Amino acid sequence: MFHGLPSEDPIDHLDEFDRLCDLTKINGVSEDAIKLRLFPMSLADKAHQWEKSLPHGTITTWDECKKAFLAKFFSTGRTAKLRGEISSFIQRNNETFAEAWERFKGYTSQCPHHGFNNESLLSTLYRGCLPRYREMLDTASNGNFLNQDVDDGWQLVENIANSNGSYGEEYDRTNRSSTHHSIESDEKLRKDVKALNEKLDKLILAQSTMKKVNFVSAEEMEPVQEGEDTQFAEVCYMSNGQGGYNKGYYNYKSNPAMSYRNTDVANPQDQVYPQQQAARSSQGHNMGMVKRTITKDHKALSLDNK
């Protein structure tokens, strides 16, 4: 029973009703007449009220009854969607003619109240086929498929679909297999590119965080206080086996190209370089510091003895 509820599917109800009516045969009575007599008995509640409200004599065939029933209980949105699928039908690239034909019939059977006549449906199917199948239909029709009778056209479509069925399974499997491999290849490529980008990011981050070596010029060095340098001077003095400071501390070697030569040839003197002068000055300063340290230590020792 069909109650007219939103959760019920009117297409399913019509299919079930057709199967039951096929089991009933009455001599001298047509199938349409049997279905028109029995259909009101399959309705209840809202659906039954709708059937009773129909003007007498408005429905004379089973097709008219189905269209009126679907127009009432088939949702408007669903109807518009299926009508769009029918009117804009196009065969898919990986679809055989047999598969396309079955899909087209599925749209029309799901929406019997689509409103298209048979001639329009045949033209829509022909124009939506792939070019090689349109050529096949034209060849089988002696030049132009749409010029022949509509019934002959549907029969030709059915014959070509049947002959194409066995080839269609193999064709579809091969096409979809290659598509699957293509998808896997694209996915692998995306993963490889992502891994490469991650490695580059790590390398750039490592380079940006490397420690840099800063050279300190002589002007930036802080001076050492006298008290802080006393112990260092004592150690340097005691470590020299000749009783003096290490004169090679600066490790300076003269460069003939940059040396200063005394012009007084009669009284030549040792050539003194700026850095040597600085070294000697520092040496004299440190010697004085050592003497003061020894004197302080001697006085402290004398006081302890007293």
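Heads up: the sequence shown begins at 1 in the UniProt record's numbering, then just goes up one per residue.
Idealized CB from N, CA, C, for every residue including glycine.
Bear in mind that the values here come from a model prediction, so they are computed numbers and not experimental data.
Taking a cut-off of 8 Å on C-beta distances, the stretch 70-81 does not touch the stretch 27-35, as fewer than three cross pairs fall below it. Counting of Cβ neighbours within 10 angstroms places ILE86 among the buried residues, the total reaching 16 or more. THR58 and GLU51 have their alpha carbons spaced roughly 11 Å apart. With respect to the 8 Å criterion, THR139 and LEU121 are not classified as neighbours on the basis of their beta carbons.
Taking C-alpha positions only, MET1 is separated from MET136 by approximately 46 Å.
The stretch 91-109 and the stretch 154-161 touch, with no fewer than 3 CB-CB distances between them shorter than 8 Å. In this structure TYR133 does not touch PHE145 by the C-beta definition: roughly 10 Å separates them, more than the 8 Å allowed.
Apart from the 5 residues on each side of it in sequence, TRP101 sits with its Cβ closer than 8 Å to the Cβ of LEU125, VAL157, GLU158, ALA161 in its chain, given in chain order. Around the beta-carbon of PRO10, 16 or more other beta-carbon atoms lie within 10 Å, marking it buried. Distance between HIS114 and SER7, taken at the CA atoms: about 21 Å. The Cβ atoms of ASP45 and HIS3 sit closer than 8 Å to each other.
DSSP, reduced to helix, strand and coil, places PHE2 within a strand of the structure shown. If one requires a minimum length of 4 residues, the alpha helix (DSSP H) runs lying completely within the stretch 3-27 are 10-22, in chain order. CA-CA distance, GLU198 to ARG83, rounds to 50 Å. Boundaries of the alpha helix (DSSP H) around HIS48: 45-52.
Taking LEU5 as the centre and dropping the five residues before and after it, the same chain places no C-beta closer than 6 Å to its C-beta. For the pair ASP12 and ASP152, the Cα-to-Cα distance works out to about 30 Å. Judged by DSSP in its simplified three-state form, GLU95 adopts coil rather than helix or strand. Here LEU36 has TRP62, CYS65 as same chain residues with Cβ atoms under 7 Å from its own Cβ, once five neighbours each way along the sequence are excluded. The DSSP-derived three-state label of GLN110 is helix. Looking at GLN110, ARG19, ASP22, the one whose alpha-carbon comes closest to that of ALA80 is GLN110. Excluding five sequence positions before and after ASN118, the CB atoms of its chain that fall closer than 7 Å to its own CB belong to VAL150, given in chain order. In this structure, DSSP gives SER88 a state outside helix and strand, which the three-state scheme calls coil. With contacts defined as CB atoms closer than 8 Å, SER53 and PHE17 fail to qualify as a contacting pair.
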